[in-house]
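I have placed the structure first, in the form of structure tokens, so that the comments after it can refer back to it.
There are 2 protein chains.
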Amino acid sequence: MDTDKENKISITVIRRLPKYYRHLGELLRRGINRTSSQELSRLTGFTASQIRQDLNNFGGFGQQGYGYNVEELHSQLGKILGLDKIYNTVITGAGNLGQAIANYRGFAEAGFKLLSLFDKNPKVIGLKIGDIEIRDVDELEDFVRGNNVEIGIITTPREHAQDVADAYIKGGVKGIWNFAPADLKVDDNIIIENVHLNESLFTLSYFLTNKGDYVKS
Amino acid sequence: MDTDKENKISITVIRRLPKYYRHLGELLRRGINRTSSQELSRLTGFTASQIRQDLNNFGGFGQQGYGYNVEELHSQLGKILGLDKIYNTVITGAGNLGQAIANYRGFAEAGFKLLSLFDKNPKVIGLKIGDIEIRDVDELEDFVRGNNVEIGIITTPREHAQDVADAYIKGGVKGIWNFAPADLKVDDNIIIENVHLNESLFTLSYFLTNKGDYVKS
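Keeping their order, the protein sequence lines are chains V and A. Per the working numbering, the very first residue in the first sequence carries number 1016; after that it's consecutive. Per the working numbering, the very first residue in the second sequence carries number 1016; after that it's consecutive.
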């Protein structure tokens, strides 16, 4: 049991990986092919020793005296994050937020294949966002089942979020990216990633109100 | 110096406050007027002792044997988060994401007053989102200065984000809510709160790819 636990990575480490990945991608775009934990520290705000420790969890890609090869590290982190795969996704809630995500550049680039949007508003059902048709939410569960949808995105108002999550899960979705300000009740084997915009905004509000009244740790 | 530091609250505590605030708001909506650290633990996923410790930082609102008065705690946390104030805000980037935020229910409710949207696309300048006019981004700095805008929101593509931030800051903005996948360079006295959608999506992807291969701490 203990050995098992020691081999696993903690969530706090995992949550730092996408930031490393993003900054490495920016270095690549700028044509920079070699970096160091010190430079990554400057870019990400984490300490250099923290970064070395984090990356060591995955076998350690750095070489003493050389640092990290940006392309290799970026590619390795991409595999660790599962970005070398294609995921079938759908969005429920075809309002502005749903459309924003449907049009989000980084989304398709990272292997997230949007198959359809769903809404319950008859005025938008049948319309297209780019090439993607908006379908009736009544068809959601069947569509998810029939098209091997792995990630369901929720951009509905709070009061519909749980119903949408239930339809996703019955249809066989494995992960939910939830933008509704609701805490979804799902089985432990379903992965939920929440984007709570209010919580982010309220954090900003706190810092504006209590300037300097906090420590960065 | 040390005493000073001890009186300050750590960022990790602060980031938990909006979650408490949101759950207390839901309890209020459901007509529940009394709660406990145990119930808040069930709702938020933090431990009861963690919650008691967090709330003690702000004077401690609970009473032994009674628990917390939901309305009072909600109101106190609202004040701590600065939500009893009105903030003037503008959005730059009037695409889907900017419009989604402009239409976001919780935004106005929490005291964030949207004065205008800005864009550089002549096709949308002059249009209205609800009552709010879309203006030319060339007017941004002057508008911010003339209307006491405290929070600037960025929903532009990455490549324009730094220019927008610079205009905001020259105009006198104190905080930036940034949705562009860019790391803004600003002076230390400017508060930046980032919403990096890609990082959230990549975390979901990690958990789907590495199911069970992590520990929750």
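By construction, the Cβ of each residue, glycine as well, lies at the ideal position given by its N, Cα and C atoms.
Taking Cβ to Cβ, would you say Thr1050 (chain V) is nearer than 7 Å to Tyr1083 (chain V)? In contact: Thr1050 (chain V) and Tyr1083 (chain V) (Cβ atoms closer than 7 Å).
Tell me which residues of the stretch 1045-1073 of chain V have at least one Cβ-Cβ distance to chain A shorter than 8 Å, keeping chain order. Leu1058
Does the distance from the C-beta atom of Ile1169 (chain A) to that of Ala1109 (chain A) stay below 7 Å? no
Would you mind working out which of V:Val1028, V:Ile1116 and V:Ser1025 sits nearest Pro1216 (chain A), comparing C-alpha positions? It should be noted that the sequence gives Leu, not Pro, for residue 1216 (chain A). The residue with the shortest Cα to Cα distance from Leu1216 (chain A) is V:Ile1116.
Does the Cβ of Met1016 (chain V) have 16 or more other Cβ atoms within 10 Å, making it buried, or fewer, making it exposed? Annotation note: pLDDT 38 at Met1016 (chain V) (below 50); position unreliable, coordinate value reported separately. Answer is exposed; the Cβ neighbour count stays below 16.
Restricting to runs no shorter than 4 residues, where is the alpha helix (DSSP H) found entirely within the stretch 1049-1083 of chain A? Runs of the alpha helix (DSSP H) inside the stretch 1049-1083 of chain A: 1052-1059 and 1063-1071.
If we define contact as Cβ-Cβ less than 7 Å, is Gly1186 (chain V) a contact residue for chain A? no
Within chain V, partners of Gly1077 (chain A) - CB distance below 7 Å: Here the premise fails: no neighbours, minimum Cβ distance about 21 Å.
So Glu1233 (chain V) and Thr1218 (chain A) are in contact, right, with Cβ under 8 Å, and what is the actual spacing, rounded? Nothing can be reported for residue 1233 (chain V): it is not among the residues displayed for chain V, which extend from 1016 to 1232.
Any chain A beta carbon closer than 7 Å to Tyr1183 (chain V): no
What is the C-beta distance between Phe1133 (chain A) and Val1105 (chain A), in whole angstroms, given that I count them as a contact (C-beta under 8 Å)? Correct: roughly 6 Å between the Cβ atoms.
From A:Lys1128, A:Val1159, A:Leu1155 and A:Gly1126, residue whose alpha carbon lies closest to that of Ile1140 (chain A): A:Leu1155
Buried or exposed for Gly1145 (chain A), please, with buried defined as at least 16 other CB atoms from any protein chain shown within 10 angstroms of its CB. exposed
Tell me whether Val1179 (chain A) sits in a helix, a strand or coil according to DSSP, three-state version. helix
Can a CB atom of chain V be found closer than 7 Å to the CB of Ser1220 (chain A)? yes
Alpha carbon of Arg1045 (chain V) to alpha carbon of Val1152 (chain A), nearest angstrom: Taking the straight line joining both Cα atoms gives about 27 Å.
So Tyr1102 (chain V) is in the beta strand (DSSP E); what residue range does that whole segment cover? Tyr1102 to Thr1107
From the DSSP output, which residues share a beta bridge with Ile1029 (chain A)? Paired residue(s): none; Ile1029 (chain A) is not in a bridge.
DSSP on Phe1127 (chain V), reduced to helix/strand/coil? Here Phe1127 (chain V) carries a strand assignment [DSSP, helix/strand/coil].
From the beta carbon of Ile1029 (chain V), is the nearest beta carbon of chain A less than 7 Å away? yes
Rounded separation between Leu1098 (chain A) and Phe1061 (chain A) - CA only: 23 Å
Measuring only between beta-carbons, confirm whether Val1210 (chain A) sits less than 7 Å from chain V. Using a CB distance cut-off of 7 Å, Val1210 (chain A) counts as an interface residue toward chain V.
Cβ atoms of Gly1167 (chain A) and Ile1191 (chain A): under 7 Å apart, would you say? Against a cut-off of 7 Å, the Cβ pair of Gly1167 (chain A) and Ile1191 (chain A) comes out as a contact.
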